[in-house]
Amino acid sequence: MILLSHPTKQLQGKITIPGSKSISNRWLILQALYPQILDIHNLSTARDTRIMQAALTQLTDHINIYDAGTAARFLTAYFAQLPGCNIILHGTERMHQRPIEPLVAALQQLGAQINYTEKHGYLPLHIQGKTLSGGQVSVAGNISSQFITALALIGAKMPNGLHILFSTPITSKPYLQLTQAQLSEIGINVSLTDEAFHVEHTPQLSKNHVVTCESDWSSASYLIAAAALAATADLELMHFSRTSTQGDSALLQLITQITNLQINWSAERLHIHKTSQAIPGTKLDFKVDFNHTPDLAQTFAVLCASLRIPFHITGLHTLAYKETHRLEALQQELQKLGAKTHITPDSIELKEYAAVVENPIIETYADHRMAMSFAIHALQQPIYIQEPEVVHKSYPSFWQDLQSLGFTIKHT
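Quick look at the structure:
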């Protein structure tokens, strides 16, 4: 456990955030499928990405993906289309509670040989890889965009290509657009609509590629939210694009609705400035649908609670299936910040405040985003964070970066 505080409440510094985990994991699968991808620059340093790399390069009969949900989904599809592969894919107890049946069912429609070794619909999986011919498959769009991406990434290797029909409206569309952009970058013909994702057969790429991962906007959200809570801020974030395809880049537009941050760009550098704590009086509450950007929900819930701004965040039906049940975890921990919330399976709403607990102890529930989102509250008061090491899942240098911005960390 650590005690986190910020003595001056003034943020100043230059941070290089690691490459996007989402982008990195897609490139790793595509590189395994297409050797013409010679190198990947600015690869994520996240534990999830290291787990993916190990699984792709050190094939054994049993592959442990621990708590890496993205790796579980992408690797299930990858190994299913790999002739001669014969493996058991398994992970942590929590990973064995996260549903994977929609992806497995779609792959089985395409001829994949996948069997559940314990509970139907969940890891562990016994996967016997084979050539999949492709064609058309139907998938629910409102469960996890990663199921659809897992299929799309392998679709071009199928002799008949792959046409993925969405049986329900899609969730987290920006993540599908990210997949589309990466496939297009290496010359694979794809099309994405609200009804379907089509990937044309591409047995090999027409030329060699060296690709670069943009820094991670989800990770940037914590530092930008910290700037919003600071008395003053002068923050420079490296390797970001003003025209980013990452859905979480929407955080800039959202955060300027409730704070007076000044956003400027120079080349691939994002500059964040704040000269006072004043909040625009025209924004009395914060109502937003995070259906396409659910990873921002915790950041904004903690930010609004710290600023005592009422909020109503919807579009959160996927949060029950993350590293923890994030809506329940948020409700529990926000109480310690004096925030009384109401949750439904799809939303969280804050209308009332009570007294803030002195030096609150925040449980992280083995969830990296719980640790990082609540860390920003240390600009309001000293705060304890349980299991700080969980940040290694996506942002290993998070605590060091906070220290470089003036935060004080004491291990207890």
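Each residue of the sequence shown is one higher than the last, beginning at -6 in the working numbering.
Note that the Cβ used here is the ideal one computed from N, Cα and C, for glycine as well.
Out of the options, which has the shortest C-alpha to C-alpha gap to residue i?
| i | options | result |
| --- | --- | --- |
| Gln24 | Trp210, Leu372 and Gln197 | Gln197 |
| Gln129 | Ser259, Glu188 and Pro76 | Glu188 |
| Arg19 | Cys206, Glu356 and Leu158 | Cys206 |
| Asp241 | His264, Leu289, Phe279 and Lys123 | Leu289 |
| Met151 | His191, Thr186 and Pro162 | His191 |
| Ser366 | Gln250, Ser214 and Thr405 | Ser214 |
| Asp282 | Leu68, Thr124, Ala332 and Ala243 | Ala243 |
| Thr337 | Val349, Leu312, Lys329 and Leu330 | Leu312 |
| Met231 | Gly6, Val384, Ile181 and Ser299 | Gly6 |
| Ala218 | Glu178, Leu4, Ser160 and Lys403 | Leu4 |
| Ala224 | Gly331, Leu100, Gly77 and Lys2 | Lys2 |
| Thr252 | Ser234, Cys297, Ser212 and Trp210 | Cys297 |
| Leu155 | Thr161, Arg362 and Leu103 | Leu103 |
| Ala332 | Leu320, Ser299, Thr186 and Leu185 | Ser299 |
| Phe72 | Asp278, Thr401, Gln106 and Asn284 | Gln106 |
| Lys123 | Ala149, Glu86, Gly77 and Glu111 | Gly77 |
| Leu(-4) | Trp392, Phe279 and Ser397 | Trp392 |
| Met363 | Ile163, Ala348 and Val383 | Val383 |
| Asn135 | Gln239, Leu100 and His285 | His285 |
Are residue i and residue j close, meaning C-beta to C-beta below 8 Å?
| i | j | result |
| --- | --- | --- |
| Leu96 | Ala70 | yes |
| Pro92 | Tyr314 | yes |
| Asp360 | Thr317 | yes |
| Val350 | Lys329 | yes |
| Phe180 | Ser208 | The question names Phe, but residue 180 in the sequence shown is Gly. Against a cut-off of 8 Å, the Cβ pair of Ser208 and Gly180 comes out as no contact. |
| Leu21 | Gln74 | no |
| Leu146 | Val132 | no |
| Phe140 | Arg262 | no |
| His335 | Val203 | no |
| Pro287 | Ser137 | no |
| Leu68 | Ile58 | yes |
| Lys14 | Ser387 | yes |
Looking only at DSSP bridge pairs, what is residue i linked to?
| i | result |
| --- | --- |
| Thr307 | Asp282 |
| Arg262 | Met231 and Ser259 |
| Asp32 | Val203 |
| Ile(-5) | Ile378 and His404 |
| Lys7 | Glu229 |
| Leu185 | Phe190 |
| Gly12 | Ser208 |
| Phe159 | Val132 |
| Ala213 | None, per the DSSP bridge assignment. |
Is it the case that the segment 118 to 133 contacts the segment 24 to 43, given that we only count it when at least three CB pairs across the two stretches are under 8 Å? no
Practice problem: Check whether the segment 331 to 350 touches the segment 304 to 316, taking contact to mean three or more Cβ pairs, one atom from each stretch, closer than 8 Å. | Solution: yes
Item to check | the segment 348 to 367 contacting the segment 320 to 335, beta-carbon criterion three pairs below 8 Å | outcome: yes
Kindly confirm or deny that the segment 25 to 39 and the segment 363 to 381 touch, where touching means at least three C-beta pairs closer than 8 Å. no
- request: Examine the Cβ distances between the segment 168 to 175 and the segment 243 to 260 and report whether three or more of them are shorter than 8 Å.
  value: no
Start-end ranges of the beta strand (DSSP E) lying completely within the segment 103 to 157, minimum 3 residues = 106 to 109, 118 to 121 and 128 to 132
Note down, one range per segment and in chain order, each alpha helix (DSSP H) of at least 4 residues found wholly within the segment 335 to 380.
361 to 368
Counting only runs that start and end within the segment 42 to 105, where is the beta strand (DSSP E) found for 3 or more residues in a row? 55 to 57 and 79 to 83
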